[in-house]
Every structure is written in C-alpha cells, then in structure tokens.
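Residues 1457 to 1877 in this note's numbering are what the sequence shown lists, from first letter to last.
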Amino acid sequence: MKKLFFLVLAVSLIVTGCGKEKPSKEQVDPIKPTKEVSASLEPEASSDASDNILTDSSEITGLAKMILAKMSLEEKIGQMFLVNLESLDDSKGTYFEHREVTKKMKRNLKDFPVGGVILFSRNIETREQTIKLNQDLQKNSKIPLWTAVDEEGGDIARIANNPNMKTTQFPPMEIVGATEDAEYCYNMGKTIGSEISELGFNLDFAPVADVRTNEKNKEIGNRSFGNKAESVAEFACAVVKGMQKTGVSATLKHFPGHGDAQGDTHQSSVNIGSDINRLRTVDFVPFQEGIKAGADFIMISHISISRIAGNTLPASLSSLVMKDIVRRELRFNGVVITDAMDMKAITGHYQAADAALMSIKAGADVVLMPENFVRAYNRIVNAVINKELTESRIDESVQRILETKIKRGLILRDTELIYKK
C-alpha cells in the first residue's frame, strides 16, 4: 500500500487585521494514523481499470444512454434511491449495527435495485470488515452502487473518529477555515478521498458549503468554514477539487444554505426569512463556485424559504428551489440529492411515500434515506404506471446518475450492462 501524504501546515500565532489569531499548528495539524496498514487490506481493483474509465463527455453520455435503454422501469427507479443498511434488512430494528451483507439484503438488492447505500459509524468497525462489506454490497448489485459516507472532518467523520480505521483526523472546518489556507483544504479533500476510497467508498457527503452567519446555529456550528461567503466558497471548492481528484464524488451541502437558520431539521421544521438578494450574495455563493469547480452532487436541505416561496414547503420538496434555482439559475447539471428524508422536518408532516414522490416531481434525482424505503419505491413505480409521473422524468434523472457513475469509474467502458436486458 502506497504511503499516504499527510499535510503538515506550519501556522504561527499571528494577529490578523481584524484582531483575531490564526489557529496554532497544533490546532490544524491532522492526526495521523498510528501505524501503517497492511497492503492486504486494499479493496479489489483491476490494474488496468484507469484505462477503462471514460473521460470524453460525449462518450460518457452515449454509454449512459445505451445502459438506460436496457434498464427496466424498476431498475431505473431504484437508481433514484440511496438508503441505509436497515432499509435493506429491517429485521433487527431501525438502527441495528449491520456490519455484513445478510441474506435479506442480497434479496432486497435484487428486488429493489437501489442506486446507492450509506454507511454510518454503527456499520464501520474495522478496515477489513468495512472493505468486505462494501465489496459484498457491490457484488450483489447489478449496477455499481454509490457507497457513501459522511466524512467531513471534525466531529462528523464516521471513519476517522474510529481509531480502528487508522485514517487521518482533521479538526472542525471552523478551525480549518480560520487558517485562510486553500491549499490545506485541497490536500485535506485529497487525503480524505484517498483514504475512504481505499475502504471502498466512492461518494462523500462533504464539504459543508453553508455560510454560518447565525451564531445560534447549532445544526451546522463548527462544521462550516466560517461566516464569509467568499472564504467558504474558496475552501469548499478546494475540498471538492482535492477529493474528486481521487475519484470520489464530493457533495456541496446543504442548499439553499443552512448557515442562517436557528433550528434543527433533524428535530423539526425550520424556516429562514432571507430574501432572494441575501441568498444570492451570501448563501448561494459557495454553491455557485462549487458548481464551477465541478462538484458532482448538491444536497438539498429541508429548510423552507417562505419569504421567497410564499409557503413553508421544505427545499427538498420544492420545484422553485431545485428546478428554478439550482438547475436554471445556478446551471447545475450534476446530481441533486435530498438530505436524509427520515428527518423530522419531513416525517413530522409527510408520509415517506408521498414525500419521495413530491421530491422527484420537484426535481430531485436521488432520494436519500426515506423513512420507509419499500413504500417510497413502490409509490414511484405506481406513479409512473398510473401516469401520475412520466417515465421521461425518471429517465432524465437516471441519465444524470449513470453519467456520474461512468465519469467516476464505477461503470467502465467495457461494461456488460449494455448487453443485458
């Protein structure tokens, strides 16, 4: 296993013009793994895989169209869901610590062919176990899965905060942002991407692109790079570029910007009273720049923007947010994914199946963790069959999903998917 590059940032205590001190070296230096990990833990990979990854945009589009044409309606709809392991096997309860692929998971991956799976700390015990879990998930999926994780650095690091994983720990982004060093952020993104890729992950729900302008904001808190839009944009872009350099997709979150909110969408509905000018000059800025940097994903939050929308509909269910702003105004052509749909801002007001349908109608490509995945999946299938939702709307998202998987090497040039019906 090649030795990992660990960034050591020498930052002395100097007083800036605004009277604040930059963090010390000890505050920003990543914590390195305690010992080198055996090469036997490397995930399976083909030696010539890189030569088999398409890079030409027209070829990527063409291959995605060929695969799409071979897919059943059920397979296409499955690609639009990214779920936790309990959704594939709920026999042990909602938050059971699944650490291996069960028989029920294998069956459900066939019957409900999801586009991706997210692992949490409870699913991640050791390097060997995590690599095998990701490999086995892929082996039981016809179309390669997104294997996702929340690895932001700081407190939200499902992998690095487990000492068994022997990966690099980074400080909270608030401290990283205070260094005013974009190169550090680039190398942080690259290090995180490299290390989680070795474990079989190909999608990270990071970086946080929220501009924290409300000091009472606890949901984002020190996960944000700071309170200046331009600085947050610069550092988030650097993370995106570094991470995607390793082949791992990065995610800008939580659009339209959670930094001015006071409540917590995990617990209840949250509304921000910003007008469109405030959003365009502050909250949208890191997302705009992140789009230019090539971010594969944007995650849509559950906050509402009543002053602009004229209602309290969560952004994750809003066509104004996803179609009018993200697609048309910001011109984002990547994958739009919702925040987790099992959060109280959604479950407190909507049934899982209804929320999934509303979200897809409003423009989401991927529905993340619906409270009841099977009901949500079946609701979308029936909506197409009953002409409540067009199959062309499904195709639009699945084309985008497939293109992203091809671009990141999940689906290779010589894939057998173009021959199988």
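Ideal placement from N, C-alpha and C gives every residue a C-beta, glycine not left out. Bear in mind the structure is a predicted one, so any value in this text is a computation, not a measurement.
Buried or exposed (CB count within 10 angstroms, at least 16 for buried), residue i
| i | result |
| --- | --- |
| Glu1686 | exposed |
| Pro1600 | buried |
| Arg1787 | exposed |
| Asn1449 | Any property of residue 1449 remains undetermined from this structure, which presents the chain solely from 1457 to 1877. |
| Asp1752 | buried |
| Pro1712 | buried |
| Thr1603 | buried |
| Glu1607 | buried |
| Gly1750 | exposed |
| Thr1768 | exposed |
| Leu1868 | buried |
| Val1784 | Here residue 1784 turns out to be Arg, not Val, going by the sequence shown. The residue is exposed, with fewer than 16 neighbouring Cβ atoms inside 10 Å. |
| Asn1733 | exposed |
| Lys1548 | exposed |
| Ile1523 | buried |
| Ala1809 | buried |
Proximity to residue i [Cα-Cα], best of the options
| i | options | result |
| --- | --- | --- |
| Phe1537 | Leu1868, Ala1812, Arg1849, Gly1819 | Ala1812 |
| Ala1706 | Met1644, Ile1728, Asn1727 | Met1644 |
| Glu1530 | Tyr1833, Leu1873, Glu1852, Leu1845 | Tyr1833 |
| Ile1516 | Lys1861, Glu1872, Leu1873 | Lys1861 |
| Glu1690 | Tyr1875, Ala1638, Gln1855, Asn1838 | Ala1638 |
| Leu1858 | Ile1764, Thr1669, Leu1873 | Leu1873 |
| Ile1648 | Ser1543, Gly1633, Thr1702, Lys1672 | Thr1702 |
| Phe1681 | Glu1654, His1714, Glu1651 | His1714 |
| Arg1578 | Gly1766, Arg1555, Ala1613 | Arg1555 |
| Glu1542 | Asp1780, Ser1528, Val1573 | Val1573 |
| Val1664 | Pro1619, Gly1534, Asp1611 | Asp1611 |
| Val1835 | Val1854, Ser1853, Ser1848, Ser1815 | Inspection of the sequence shows that residue 1835 is occupied by Arg rather than by Val. Considering only alpha carbons, the answer is Ser1815. |
| Gly1534 | Gln1585, Val1605, Ser1597, Asp1660 | Ser1597 |
| Asp1851 | Tyr1551, Ala1525, Asp1545 | Ala1525 |
| Pro1627 | Glu1651, Ala1613, Arg1736 | Ala1613 |
Own chain residues within Cβ distance below 8 Å of residue i, not counting five before or after
| i | result |
| --- | --- |
| His1722 | Glu1675, Met1799, Lys1800, Ala1801 |
| Asp1795 | Lys1709, His1710, Thr1721, Met1755, Ile1756, Ser1757, His1758, Ser1772, Leu1824 |
| Pro1569 | Glu1530, Glu1531, Gly1534, Gln1535, Ser1597, Lys1598, Ile1599 |
| Gly1571 | Gly1534, Gln1535, Met1536, Phe1537, Leu1538, Ile1599, Leu1601, Trp1602, Val1822, Ile1857 |
| Asp1731 | Arg1763, Ile1764 |
Own chain partners of residue i with C-beta closer than 6 Å, once the 5 adjacent residues on each side are dropped
| i | result |
| --- | --- |
| Val1738 | Val1667, Ala1685 |
| Phe1461 | Confidence in Phe1461 is poor, its pLDDT being 35 and thus under 50, which makes the residue's placement too unreliable to answer from. |
| Asp1545 | Thr1558, Lys1560, Met1561 |
| Lys1491 | At Lys1491 the pLDDT is 38, less than 50, meaning the model places this residue with poor confidence; the figure from the coordinates comes in the next sentence. Cβ within range, chain order: n/a, list empty. |
Other residues of its chain near residue i: CB distance less than 7 Å, five sequence neighbours each side excluded
| i | result |
| --- | --- |
| Met1778 | Ile1756, Val1792, Ala1818, Gly1819, Ala1820 |
| Ala1692 | Pro1663, Ala1665, Phe1681, Leu1708, Pro1742, Gly1746 |
| Asn1508 | Leu1868, Arg1869, Asp1870 |
Check: In chain order, which beta strand (DSSP E) runs of at least 3 residues are fully inside the region 1700-1788?
Finding: 1707-1711, 1753-1756
Check: Can you list, in chain order, the stretches of the alpha helix (DSSP H) that have 4 or more residues and sit fully within the region 1593-1660?
Finding: 1629-1634, 1638-1654
Check: In chain order, which beta strand (DSSP E) runs of at least 3 residues are fully inside the region 1787-1836?
Finding: 1791-1794
Check: Which runs of the beta strand (DSSP E) fall wholly inside the region 1549-1600 and span at least 3 residues, in chain order?
Finding: 1572-1574
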